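For reference, the structure discussed in these notes is given below.
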Amino acid sequence: MKAALLKTWNNMELTQLEKPVIGEGEALIRITYAGVCGSDITVYSGKHPTATAPVVIGHEIIGVIEEIAPNDNFKVGDRVTVEPLISCGECEACRKGHKHVCKSLKLLGIHENGGYAEYTKASIDKLVKIPEGLSDELGALAEPFAVGYHVVARSGLVPGEDALVIGGGPIGLVVALSAMYAGGNVVISEVNENRLALAESLGIKTVNPTKCDVNAAFAEMTNGNGFDVVYEASGSKPGILMTTDACKIRGRIVPLSLAGVPVEFTLGKVSFKEMSVIGSRVYTFEHFCKGVEMLAEIAAKKDIRPLVSDILPLDDAQKAIDMMKGGVNRGKILIDCK
490 MKAALLKTWN NMELTQLEKP VIGEGEALIR ITYAGVCGSD ITVYSGKHPT ATAPVVIGHE
550 IIGVIEEIAP NDNFKVGDRV TVEPLISCGE CEACRKGHKH VCKSLKLLGI HENGGYAEYT
610 KASIDKLVKI PEGLSDELGA LAEPFAVGYH VVARSGLVPG EDALVIGGGP IGLVVALSAM
670 YAGGNVVISE VNENRLALAE SLGIKTVNPT KCDVNAAFAE MTNGNGFDVV YEASGSKPGI
730 LMTTDACKIR GRIVPLSLAG VPVEFTLGKV SFKEMSVIGS RVYTFEHFCK GVEMLAEIAA
790 KKDIRPLVSD ILPLDDAQKA IDMMKGGVNR GKILIDCK
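Residues in the sequence shown are numbered from 490 upward in steps of one, following the numbering used here.
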């Protein structure tokens with residue numbers, strides 16, 4: 490099969506690999522599209538703390554079952570996505586049912602071969618059917634929407650609450666749409682005009698903090714109270730520092746991005762306003778499934794096709810990586826593996 494193999498860090502090569510051979514409880518997936526994620530760049534560049542090479546990158550996958558072991562739920566020809574987490578099942582987190590924060594968590598596309606290829610294999614218990622009516626291109630967004638669903642669930646957002654998303658990149662947009670789906674009054678703070686335009690085209694309220702008195706704008710939006718929930722999706726120093734000022738008394742802050750440089754963060758503000766800082770990592774399997782359902786429901790009511798900005802053939806996987814590395818003006822990039 491054809492695959493884009495990361496041979497060593499910063500060295501991806503289009504090559505031929507043996508098609509995966511499935512065993513008991515596994516399925517062979519003919520990949521339709523693979524999404525390019527920011528964490529793929531971390532793996533590609535050798536900055537991921539536990540990634541291994543050589544490896545086929547890609548954990549955002551949609552495809553069709555070509556071969557499958559005996560089971561009661563799936564058959565050849567089903568369109569599926571893959572929940573890519575690989576947990577040990579033995580650590581304390583796993584034993585308590587929190588497999589998504591396994592002490593030695595691994596992922597397809599980071600530790601085992603993933604989606605930048607014509608085929609991959611996966612455990613049947615990691616497969617989720619793509620709802621009818623959802624296109625393959627949008628179905629490729631299943632994993633990011635699972636992230637969004639889990640983030641919003643972790644934050645405890647309830648209908649009618651005010652939510653701020655700092656950062657309008659692909660994950661910020663998905664979190665904003667997820668928060669709107671949950672009934673929140675959502676605003677995105679972003680400085681890039683192209684990202685602001687994309688957010689507005691999706692029906693999301695926006696603010697550019699470089700073009701206004703942002704504290705006054707936030708006060709006007711929230712009757713002077715601040716936001717119930719602040720999701721930090723920029724990973725930037727200004728964005729991180731904005732969280733405590735924008736959050737209301739006893740509100741919640743959810744950091745989503747890892748800052749590229751150390752940021753001095755004053756915990757005194759958190760204590761003074763009795764704010765809660767809530768971590769969120771990937772998703773539970775239940776939330777992955779609900780994220781797929783949410784994606785289909787949102788796509789049925791709203792044109793979210795602009796979320797996908799580029800589709801490149803598998804032969805151009807290296808170009809897709811390069812575009813992602815410099816892609817402040819881009820949405821989601823997909824690799825066509827057909």
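Each residue gets a CB set at the ideal place from its N, CA and C atoms; glycine is no exception.
Quick caveat: nothing in here was measured; it's all calculated off a predicted structure.
Query raised in the report: C526 by DSSP, collapsed to three states: which one?
Result: Against the sequence shown, residue 526 aligns to sequence position 37. Coil at C526, not helix or strand.
Query - Selected residue, minimal CA-CA separation from D825, among K610, Q807, F777 and K779 - result: Here residue 825 refers to the residue found at position 336 of the sequence shown. Nearest of K610, Q807, F777 and K779 to D825, Cα basis: Q807.
Query raised in the report: How is E621 classed by DSSP in three states: helix, strand or coil?
Result: On the sequence shown, position 132 is the one that residue 621 refers to. Looking at E621 - three-state DSSP - the assignment turns out to be coil, as it is neither helix nor strand.
Query raised in the report: Out of curiosity, what's the CA-to-CA distance linking E753 and A788?
Result: Here the question's residue 753 lines up with position 264 in the sequence shown. Here the question's residue 788 lines up with position 299 in the sequence shown. Those two C-alpha atoms are separated by around 39 Å.
Query raised in the report: Is there contact here, the region 627–646 with the region 706–715, by at least three beta-carbon pairs under 8 Å?
Result: no
Requested in this report: Pull up the distance between the alpha-carbon of G622 and that of D651, whole angstroms please.
Outcome: Taking the first residue of the sequence shown as position 1, residue 622 is located at position 133. Taking the first residue of the sequence shown as position 1, residue 651 is located at position 162. Going from the Cα of G622 to the Cα of D651 covers about 31 Å.
**Report entry** Environment of E721 [buried if 16+ CB atoms lie within 10 Å]
**Finding:** Residue numbering aside, residue 721 sits at position 232 when the sequence shown is read from its first letter. Classification for E721: buried.
Query raised in the report: Starting from N674 and walking both ways along the beta strand (DSSP E), at which residues does that stretch end?
Result: Numbered from its first residue, the sequence shown carries residue 674 at position 185. Per DSSP, N674 belongs to the beta strand (DSSP E) from N674 to S678.
Query - CA nearest to the CA of I551, picked from I530, K491, T539 and P633 - result: As a first step, residue 551 is located in the sequence shown; it is residue number 62 there, counting from the start. Closest by alpha carbon: P633.
Query raised in the report: According to DSSP, is L574 helix, strand or coil?
Result: Counted from its first residue, the sequence shown places residue 574 at position 85. DSSP places L574 in strand when its eight states are reduced to three.
Report task. Pick out the complete beta strand (DSSP E) segments inside the region 705–734, 3 residues or longer, and give them in chain order. Result -> 716–721
Report task. Closer than 8 Å by C-beta to K564: which residues in its own chain qualify, once you throw out the five before and the five after it? Chain order, please. Result -> Taking the sequence shown and counting its residues from 1, one reaches residue 564 at position 75. Taken in chain order, the residues that qualify are I554 and I557.
Query raised in the report: Which partner residues does M812 have in the DSSP bridge list?
Result: Counting from one through the sequence shown, the residue named residue 812 turns up at place 323. None, per the DSSP bridge assignment.
Report task. Compare the Cα-Cα distances from T497 to each of Q505, G514 and V545 and report the closest residue. Result -> To locate residue 497, count along the sequence shown from 1; it is residue 8. T497 has its Cα closest to that of V545, out of Q505, G514 and V545.
Query raised in the report: Can you round the beta-carbon distance between F716 and C736 to whole angstroms, since I take them to be within the 8 Å contact cut?
Result: Locating residue 716 in the sequence shown gives position 227, counting from the first residue. Locating residue 736 in the sequence shown gives position 247, counting from the first residue. Yes, they are in contact, since the Cβ atoms of F716 and C736 sit about 6 Å apart, within 8 Å.
Report task. Name the residue from G637, S678 and C701 whose alpha carbon lies nearest to the alpha carbon of Y670. Result -> On the sequence shown, residue 670 is found 181 positions in, with the first residue counted as 1. Nearest C-alpha to Y670: G637.
Query raised in the report: Just how far apart, CA to CA, sit Y605 and D702?
Result: Locating residue 605 in the sequence shown gives position 116, where the first residue counts as 1. Locating residue 702 in the sequence shown gives position 213, where the first residue counts as 1. Approximately 44 Å, taken between the alpha carbons.
Report task. Could you tell me how far apart the beta carbons of F777 and A635 are, in whole angstroms, since I believe they sit closer than 8 Å? Result -> In the sequence shown, counting from the first residue as 1, residue 777 sits at position 288. In the sequence shown, counting from the first residue as 1, residue 635 sits at position 146. 4 Å between Cβ atoms; contact.
Query raised in the report: Which two residues bound the contiguous beta strand (DSSP E) that contains Y608?
Result: Within the sequence shown, residue 608 is the residue found at index 119, counting from 1. Looking at the DSSP string, the run of the beta strand (DSSP E) that includes Y608 is Y608 to S612.
Query - Alpha-carbon spacing of T508 relative to H589, whole angstroms - result: Residue mapping note: residue 508 aligns to position 19 of the sequence shown, counting from 1. Residue mapping note: residue 589 aligns to position 100 of the sequence shown, counting from 1. A small fix is needed here, since residue 508 is Lys in this sequence, not Thr. Distance between the alpha carbons of K508 and H589: 28 Å.
Query raised in the report: Can you find a C-beta in chain B that's less than 7 Å from the C-beta of M764?
Result: Protein chain content of the structure displayed is limited to a single chain, and chain B is not contained in it.
Query raised in the report: Which ranges would you report for the alpha helix (DSSP H) in the region 763–812 if only whole runs of at least 4 residues count?
Result: 774–790
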